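Taken in sequence, the protein lines are chains X and B.
What the first sequence shows, in our numbering, is residues 188 to 445, in sequence order.
What the second sequence shows, in our numbering, is residues 7 to 338, in sequence order.
Beta carbons: idealized from backbone N, C-alpha and C, even for Gly.
None of the values given here were measured: they were computed from a predicted structure.
Shown next, in structure tokens, is the structure this report addresses.
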Amino acid sequence: MSHLQLDRVSAYYGAFQAVADVSLNIEPCSITALIGPSGCGKSTLLRTINRLHETIPGARVTGDVRLNGQDVLGPGSDPVEVRSRVGMVFQRANPFPTMSISENVLAGVKLRGRRLAPKQAEQVVERSLKAANLWQETKDRLKKSGAGLSGGQQQRLCIARAIAVQPEVLLMDEPCSALDPASTAAIEELMVTLKSDYTVVVVTHNLAQAARVSDQTAFMSVDRAGQPGRLIEHGSTVSLFNAPTQTATCDYIAGKFG
Amino acid sequence: MTGLDLIEVDSPVTGSTGSSLAPGRAQALWRSSQPLASTRRQRRRRIKDRAMTAALAACALIAAVPLVSLLWTTVSHGLARLDPTFFNQSMRGVAGVGGGALHAIWGSVLITLAATALAAPVGLGTALWLVECADRSRSALTSGLARAVRAVVGVTAGIPSIVAGLFVYALIALVAGPGYRSGLAGAIALAVIMTPVVESACEEVLARVPGELREGALALGAPQWRCVTSVILPTARPGVISGVLLGVSRVVGETAPLLLVAGFTDSMNLNLLDGRMASLPVYIYSQWQNKGVQAAAYDARAWTAALVLVALVLALHLTARLSARWATRKEH
Ligand SMILES: Nc1ncnc2c1ncn2[C@@H]1O[C@H](COP(=O)(O)OP(=O)(O)OP(=O)(O)O)[C@@H](O)[C@H]1O
Ligand SMILES: [Mg+2]
């Protein structure tokens, strides 16, 4: 549960600026939805927060991101440390194919070089899978490969993997875009439960989903191809959907573009 | 349009294949846009098609003939001496019938193992550095270095093996003086040949590891090296193994460099560091080249050694293929 502040964040791929001057205040223990037309830089912005953006050759970020007041982007901060506090769930489920279900859940622990006693490890697996709403379906096949699960189950496995290491912030990039309505509902339900412990930022194309789960909504847009994406409007979900102050927001919500 | 002509009609060449062109659709589109062809044109086309099919089948046959005939010749000549003696005796004190290739088999095994121990880590390490570090680096110096390394690897892959042998001979001569021969020197020469093979195979499989797994690991707070050891290498492992095996099968039959730097001996030598060491290819060469009075006995031994060598190469190839297939199956 952490406070996340973005101040004039701009992100570049080489010479191309994908995101310009986004300032955003994300309250702890809330769900913030990031909406906007395709290509407006939602994923890019999300990936600046856990410093995954800069792992792309030629990519860079300017501006300021603060996690509980601590500088995230500056030279004094260690990306590995940042990523252990800011978890991420990707658009496409990406369980590690060489690991079993329980190994996948424990991957974060292992990848950070920590060791758990077997008893403790079992507890972490059970707690995380229960939190991700996957325990019932997998408790009898924990030693089987994660690749054998359905798409929705794999995505929930990735969520379990992300929360097993108890990050403070959870970034979700279109976590439901490849899922059926039932799995989507399960994940939405999960997001709402996660809110009590985590600060969640979720990118979604599904406006109904944004309206259902989020407390705050940020709308990004881009004028023309080749221009950077900008934050157009940010506010409580209720007010943004019912009384948008910008015409662009209005048009987007009304389905006029994007 | 002549291209379409070829994939049209019910020719046995294309009729049953799952070509990426989706021939059925292509045909349908092509047909529907054409006026009905005259029967004469059809006939001509059918004849052309048959001729083409026959020519291609002939090519396939011609390609298969040498292999089959090679296997047949090797087996039929090699069976004569495929006896226990061949596998439990060296050539020490043998002049004429009898004797075996135990020393050469051991020599091949030891030299190849040593070469693998040298080439596999260097090849895999280079590939890892190129794919995981250099390609992701933002420093111009590193990128330049990576380009240079790739160029060097490419050139090394093309070096004739005898030149690699000469090079290692000269190198060892600097340290140990001229005329020094040992299994280790042979292993170094083979490693020079093998490293680029292993490197390019590994580079390919590492580049094929999906970026989303890499990002998944990084996003969990993994330091890069742990991302490599816990996620990338395990995912690429079957491909890496098959790459190493391909490298081994590439060098296990090398003769020229071993002739130069490992030399030949009639007796057993299990010490890689000291003295000449026989190997199967060099054994074949020397049996063939230095026939004694009973030439037939030398010929027979050469053939049997050839049979053993071919069997070894085939087994390596098969293992490499199987492990690669296993890898692709696991990806899905
Ligand atoms: N690796 C990259 N290299 C260069 N440009 C990129 C890269 N990734 C994204 N971009 C560009 O950056 C801009 C923003 O992309 P981004 O993926 O952040 O959009 P998005 O809002 O997430 O879109 P979507 O809703 O389709 O996922 C786009 O114009 C895109 O073409
Ligand atoms: Mg996106």
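Local conformation of residue i per DSSP, three classes
i, result
"I243/X", "coil"
"N429/X", "helix"
"H323/B", "helix"
"M183/X", "Because chain X spans 188 through 445 in this model, residue 183/X falls outside it and cannot be assessed."
"D258/X", "strand"
"S197/X", "strand"
"E205/B", "helix"
"Q192/X", "strand"
"I165/B", "coil"
"L318/B", "helix"
"L27/B", "Bear in mind that the predicted position of L27/B carries a pLDDT of just 46, short of 50, making it too unreliable to give a figure here."
"S370/X", "helix"
"H338/B", "In this prediction, H338/B scores a pLDDT of 44, lower than 50, which makes its location untrustworthy; the coordinate-derived value is nonetheless stated afterwards. Coil at H338/B, not helix or strand."
"I269/B", "Note that residue 269/B is Gly in the sequence shown, not Ile. Correct three-state label for G269/B: coil."
"G281/B", "strand"
"E260/B", "coil"
"M58/B", "helix"
"S339/B", "What the structure shows of chain B is the stretch from 7 to 338, and residue 339/B is not part of that stretch, so it cannot be assessed."
"A319/X", "coil"
"Q396/X", "helix"
Closest by C-alpha distance to residue i, when choosing among the options
i, options, result
"L233/X", "A330/B, P229/B, A225/B, A308/B", "A225/B"
"N291/X", "A347/X, N393/X, K326/X", "A347/X"
"K331/X", "A319/X, L344/X, N320/X", "L344/X"
"N94/B", "L318/B, V246/B, S273/B", "S273/B"
"G228/X", "A435/X, A441/X, F406/X", "F406/X"
"L377/X", "L357/X, L191/X, Q204/X", "L357/X"
"A242/B", "G217/B, V254/B, T80/B", "G217/B"
"I199/B", "L77/B, P166/B, T325/B", "P166/B"
"V250/B", "W78/B, I168/B, T325/B", "T325/B"
"F203/X", "G226/X, N255/X, L211/X", "G226/X"
"E221/B", "R270/X, Q353/X, N255/X", "R270/X"
"L193/X", "A220/X, C216/X, L260/X, P244/X", "L260/X"
"Q230/B", "S189/X, L298/X, S423/X", "L298/X"
"H421/X", "P244/X, T219/X, L293/X, Y200/X", "T219/X"
"L77/B", "A330/B, S329/B, L315/B, A107/B", "L315/B"
"V100/B", "V181/B, T118/B, A182/B, Q293/B", "Q293/B"
"T404/X", "N393/X, V312/X, R279/X, D367/X", "N393/X"
"A268/B", "I68/B, G281/B, R256/B", "G281/B"
"A306/B", "G104/B, D55/B, I238/B, L320/B", "G104/B"
Near ligand 1: residue i beta-carbon under 8 Å from a heavy atom
i, result
"G442/X", "no"
"D360/X", "yes"
"G416/X", "yes"
"I243/X", "yes"
"C363/X", "no"
"Y289/B", "no"
"L232/X", "yes"
"V252/X", "no"
"V209/X", "no"
"A205/X", "yes"
"Y200/X", "yes"
"A246/X", "yes"
"G256/X", "no"
"A220/X", "no"
Identified DSSP bridge partners for residue i
i, result
"M275/X", "L358/X"
"H421/X", "A405/X"
"G416/X", "V206/X"
"N212/X", "Q192/X"
"A220/X", "V389/X, T404/X"
"V248/X", "A198/X"
"S287/X", "S332/X"
"R253/X", "Q192/X, D258/X"
"S188/B", "G281/B"
Closer than 8 Å: residue i CB and nearest ligand 4 heavy atom
i, result
"S197/X", "Annotation note on ligand 4: not contained in the displayed structure, which lists ligand 1 and ligand 2 as its ligands."
Cβ-heavy atom distance, residue i to ligand 2, below 8 Å
i, result
"V390/X", "yes"
"K229/X", "yes"
"Q278/X", "yes"
Given a limit of 8 Å on CB to CB distance, which residues of the region 129-151 of chain B reach chain X? D141, R142, S143, R144
Can you give me, in chain order, the residues of the region 284-301 of chain X that have a beta carbon less than 7 Å from any beta carbon in chain B? P284, T285, A294, G295, K297, L298, R299, G300
Below 9 Å between beta carbons is the criterion; list the residues of the region 218-237 of chain B that meet it against any residue of chain X, in chain order. E218, L219, R220, E221, G222, A223, L224, A225, L226, G227, A228, P229, Q230, R232, C233, S236, V237
Listed in chain order, which residues of the region 415-438 of chain X have Cβ atoms closer than 7 Å to some Cβ of chain B? none
Closer than 7 Å, Cβ to Cβ, to anything on chain B: give me those residues from the region 241-266 of chain X, in chain order. T242, P244, G245
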